[in-house]
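Worksheet: one structure, shown below.
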Ligand code: FES
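In my numbering, the protein residues as written are 251 to 382.
Following this line, the structure appears as C-alpha cells:
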C-alpha cells in the first residue's frame, strides 16, 4: 500500500503558490522544534479577503504538500473562514497523511494563524488599513 496519497504526491511534486509576496500585509513563520522544519506564509489581505497567498517551506514532503494544499484552501476566502482552517481539514483534503506525519500539517495551520495574528497586529498599528 502506498504510504502517501496521490494528492500528497501531486502537491509535493507540483506545489502551488510557492514563493514570496513582496507587499504582503500578513506574514507568519513557524517551525517544528523536533524536526527543525520551517514554514513561512505570505498573505495579501484586502477587504477581509485573502486575495493572494504564497509560501516557502524548508521541510519534508508532507510539510510542502500541506502548505500547498492549505494555500489553495484559503486563497480567495474571507478571513472568517480562513481563521477556522484546521490541520485536520488540510489532511483530509490531501486524502490523509501517515500518522507520524500529521504534525507536518499542523505547521500549515500554525503558519496561517501566525499570519493572521501579524495582520491583526499591523491593523492595530495602523500599518495596513490605509483606506482612501
Ligand atoms: Fe518536519 Fe514534516 S518532518 S514538518
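Every residue, glycine too, gets a C-beta built ideally from N, C-alpha and C.
Q) Could you give the C-beta distance for residue 236 and residue 300, rounded to a whole number, given that I count them as a contact under 8 Å? A) Given a span of 251 to 382 for the chain in the structure shown, any question on residue 236 remains unanswerable.
Q.
What residue range does the beta strand (DSSP E) around residue 307 cover?
A. Taking the first residue of the chain shown as position 1, residue 307 is located at position 57. Per DSSP, the continuous beta strand (DSSP E) segment holding residue 307 begins and ends at 299-308.
Q) Tell me the DSSP bridge mates of residue 278? A) As a working note, residue 278 is residue 28 in the chain shown. According to DSSP, residue 278 shares a beta bridge with 291.
Q.
Across the segment 309-320 and the segment 253-267, are there enough close Cβ pairs to call them in contact, namely three or more that are closer than 8 Å?
A. Taking 8 Å as the limit for Cβ pairs, the verdict is that the segment 253-267 does touch the segment 309-320.
Q) So, using beta-carbon positions, are residue 318 and residue 354 closer together than 8 Å? A) Start at 1 with the first residue of the chain shown, and residue 318 comes out as number 68. Start at 1 with the first residue of the chain shown, and residue 354 comes out as number 104. Taking 8 Å as the Cβ cut-off, residue 318 and residue 354 do not qualify as a contacting pair.
Q: Confirm the yes/no value for this check: CB of residue 353, any heavy atom of the ligand FES, distance under 7 Å.
A: Taking the first residue of the chain shown as position 1, residue 353 is located at position 103. Yes, since a heavy atom of the ligand FES falls inside the 7 Å radius drawn around the Cβ of residue 353.
Q) With a Cβ-Cβ cutoff of 8 Å, do residue 291 and residue 278 count as a contact? A) One-based indexing of the chain shown puts residue 291 at position 41. One-based indexing of the chain shown puts residue 278 at position 28. Cβ distance < 8 Å, so residue 291 and residue 278 count as in contact.
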